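J.: Counted from 1, the sequence shown has number 10 at position 7 by the working numbering; the numbering is strictly sequential. Take this structure first; my questions come after.
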Amino acid sequence: MIKNYKIGFSPYGFAAFALQEVPALLWLLRPPAENPLAGNAPATPLLGVLEQGGGILTVLLTLFLVRKDAPSPKFKSPYFALAVLCLAVYDICWAGYFRGAADGWRIVLGLSAPVPLYYLFVALWLKNRPAAVPCLLFFIGHVGSNILNYLL
Numbered sequence: 004m005i006k007n008y009k010i011g012f013s014p015y016g017f018a019a020f021a022l023q024e025v026p027a028l029l030w031l032l033r034p035p036a037e038n039p040l041a042g043n044a045p046a047t048p049l050l051g052v053l054e055q056g057g058g059i060l061t062v063l064l065t066l067f068l069v070r071k072d073a074p075s076p077k078f079k080s081p082y083f084a085l086a087v088l089c090l091a092v093y094d095i096c097w098a099g100y101f102r103g104a105a106d107g108w109r110i111v112l113g114l115s116a117p118v119p120l121y122y123l124f125v126a127l128w129l130k131n132r133p134a135a136v137p138c139l140l141f142f143i144g145h146v147g148s149n150i151l152n153y154l155l
């Protein structure tokens, strides 16, 4: 499976990463007045390793692992549509967060879950199967930690 891939640079992967980072850039320019996410730490060391390790590996593989034989991705793909949906949910929930809507369910379902799912669908859209694996670890760590921190 890995023989079909090469180390390179994916402009589509970079665009996906850049779009997901827009709320972080806005946060730097104008942090929200009410900010329950400030100081958010992993709920357990294991969840922290899954979240950080899975997240870093997801981004690295999305940016720098490309298929040797892949044509340009198709924008009519269901994976592309699902990635756009996840990003839209994420951005809408961030808009609410910046306006003070920051309850636990919104944090878990709107800010935590869409990110690893977005990267999963981007990986599938780009036919980058190896990048899909750490997305699942990222999902478990990111969502699990925020469930423990904000809902339990």
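All residues carry an ideal CB built from backbone N, CA and C; glycine is no exception. All of these numbers come straight from a predicted model, not from anything done at the bench.
(1) What does a CB cutoff of less than 8 Å around Pro119 pick up in its chain, not counting 5 residues either side in sequence?
(2) Could you tell me the alpha carbon to alpha carbon distance between Arg132 and Lys77, rounded to whole angstroms?
(3) Report the three-state DSSP secondary structure of Leu40 (helix, strand or coil).
(4) Looking at Pro117: is its Cβ nearer than 7 Å to the Cβ of Cys89?
(5) Go through the region 56-82 residue by residue and report every complete run of the beta strand (DSSP E) that reaches 3 residues or more, in order.
(6) Leaving out the 5 sequence neighbours to the left and right, which residues in its chain are closer than 8 Å to Leu29 when beta-carbon positions are compared?
(7) With a Cβ-Cβ cutoff of 7 Å, do Ile95 and Tyr153 count as a contact?
(8) Can you check whether the CB of Leu85 is closer than 7 Å to the CB of Ala134?
(9) In the structure shown, what three-state DSSP assignment does Lys130 receive?
(10) By Cβ distance, which residues of its chain are closer than 8 Å to Ser11, with the 5 residues on each side in sequence left out?
(11) Over the uninterrupted alpha helix (DSSP H) stretch that includes Ala21, give me the two end residues.
(12) Measuring alpha carbon to alpha carbon, tell me which of Leu114, Ile150, Asn149, Lys130 ends up nearest Val25.
(13) Rounding to the nearest angstrom, what Cα-Cα distance links Pro74 and Leu22 in this structure?
(14) Since Gly16 and Leu127 should fall inside the 8 Å C-beta cutoff, what is the C-beta to C-beta distance between them, to a whole number of angstroms?
T.: With the given structure in hand:
(1) Gly57, Gly58, Thr61, Cys138, Leu139, Phe141, Phe142, His145, Val146
(2) 16 Å
(3) Three-state DSSP puts Leu40 in coil, outside helix and strand.
(4) It is a contact, given that the beta carbons lie within the stated cut-off.
(5) 68-70
(6) Correct list, in chain order: Trp97, Phe101.
(7) no
(8) No, the Cβ-Cβ distance between Ala134 and Leu85 is not below 7 Å.
(9) Of the three classes helix, strand and coil, the one that applies to Lys130 here is coil, per DSSP.
(10) The question names Ser, but residue 11 is Gly in the sequence shown. Closer than 8 Å at Cβ, skipping near neighbours: Phe67, Leu68, Val69.
(11) Run containing Ala21: 14-23, per the alpha helix (DSSP H) assignment.
(12) Considering only alpha carbons, the answer is Leu114.
(13) 22 Å
(14) That belief does not hold up - the Cβ atoms of Gly16 and Leu127 are roughly 13 Å apart, past 8 Å.
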